[in-house]
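Right, one structure below, let's go through it.
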Amino acid sequence: MNGVVAGAMVLACGISSAQAYDTKQVYSERGNVPLYVPSEIEPGADLPLVISLHGFTGNGNAHENYFNLRSQIDERKFMLCVPNGFQNSQGDRYWNATNYCCDFEGQAPDDSGYLRGLIEQVIDEYSVDLDSIHVVGHSNGGFMSYRMACDHADLISSIASLAGATFDNPSDCVPSEPVHILQIHGTEDDVIAFNGSCIIPFFFCQPGAEGSLSIWSQYNQCDGGFENAGSLDLVNGISGSETSRSVIIQGCSDQGSSELWAINGGNHGPAFNANFRRELVDWLLSHRR
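Going by the working numbering, the sequence shown opens with residue 57, and the numbers climb by one from there.
Structure, rendered in structure tokens:
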């Protein structure tokens, strides 16, 4: 896995020079973490919280330049926290998510505990809507978003993973309750394969996009399969509405569902248009506990 996993594709993503948010700092055990909040907040309002996680070798700033969720903060009234992962011996940042990705040196940092502590600190210091706490991530950050759903289903309302995956062995994840899951994945991703892959044959595997959602449909007590839910235009450079949307909702718990946005012809770091961040924030904020 090389640097493209970092989510550092600072492409022509329509990033505005106008800052429509305020920047605060959360003082964590690993240093200051930026927290972006609306420039105007109604007194007494509890706001949704989104935690956004970078990929392997990346950092929070480059990742946010790619996703650019900050552009939605003032309009949609949510808080955005963008932490950095642990550093390996090469100085590369990562999240200790699953056995597939990405603690390759066996350092075993408790990133799951760290991120929960960070969320709880934001809850202590700000007015957070406890039914609207969400984790998103790219690649290694996507794997980590699944890990947070596994470990902290009592806290997390929904997750969105771009080019990540859940544990290949369903018994490695025991969520205490259902969680809404969105998987976004390019069908031509040659870094984290859409259909799943193993680091070595039959060992250290990831189940792919549909496999991850099928596993989570079991956790979410669903009894149906994928249903077509239309298409979306999310990516520059691919004509038409290139992203096929499908859902698993039949029989699911009210607190859990599985949804796939399959980017037909998409790679590991799609060049998203402005629709992407709007659609992503819409999905997150509509999938509450």
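For each residue, glycine too, the CB sits at the ideal point set by N, CA and C. As the structure is a prediction and not an experimental result, all values here were calculated from the model.
Leaving out five residues on either side along the sequence, give the residues of the same chain with a beta carbon under 6 Å from the beta carbon of ASN152.
ASP159, PRO165, ASP167
Among HIS324, ARG334, PHE282, which residue has its Cα nearest to the Cα of SER313?
PHE282
Own chain partners of ASN320 with C-beta closer than 8 Å, once the 5 adjacent residues on each side are dropped:
THR243, ILE294, GLU298, THR299, SER300
Could you name the residues of the same chain whose beta carbon sits closer than 7 Å to that of TRP272, not counting the 5 residues immediately before and after it, in chain order?
THR222, ILE237, SER314
Going by other Cβ atoms of all chains shown within 10 Å of its Cβ, with 16 needed for buried, is ALA101 buried or exposed?
exposed
Roughly how many angstroms separate the alpha carbons of ALA76 and LEU290, rounded to a whole number?
23 Å
Go ahead and pull the three-state DSSP assignment for TYR83.
strand
Measuring alpha carbon to alpha carbon, tell me which residue in GLY141, ALA216, ILE179, LEU91 is nearest HIS110.
GLY141
Rounded C-alpha distance that separates ILE240 from SER217:
6 Å
Quick check on ASP78: does DSSP put it in helix, strand or coil?
strand
Whose C-alpha, out of MET200, GLU131, PRO226, is nearest the C-alpha of ILE215?
MET200
When you compare only the Cα positions, how much space is there between ILE125 and ASN144?
Reading off the sequence, residue 125 comes out as Leu, not Ile. So the alpha carbons of these two residues sit roughly 27 Å apart.
Whole-angstrom Cβ separation of VAL192 and VAL106, contact assumed at under 8 Å?
6 Å
Exposed unless 16 or more other CB atoms sit within 10 angstroms - verdict on CYS278:
buried
Would you check if the segment 178-186 and the segment 226-236 touch, i.e. whether three or more CB-CB distances between them fall below 8 Å?
no
Put ILE271 into one of helix, strand or coil per three-state DSSP.
helix
Assumed close pair TYR170, MET135 - CB separation to whole angstroms, cut-off 8 Å:
That pair is no contact at about 18 Å.
Best match in GLU131, TYR156, HIS194 for proximity to ASN121 [C-alpha to C-alpha]
HIS194
Using CA atoms only, rank isn't needed, just tell me which of GLY325, LEU340, HIS343, ARG344 is closest to PHE112.
GLY325
Could you tell me the alpha carbon to alpha carbon distance between SER95 and ASP78, rounded to whole angstroms?
5 Å
Which residues mark the beginning and the end of the beta strand (DSSP E) in which LEU290 is found?
Here LEU290 belongs to no beta strand (DSSP E), and DSSP marks it neither H nor E.
Looking at PRO234 and ASN292, is the spacing between their C-beta atoms short of 7 Å?
no
Please list the terminal residues of the continuous alpha helix (DSSP H) segment that includes VAL178.
167-181
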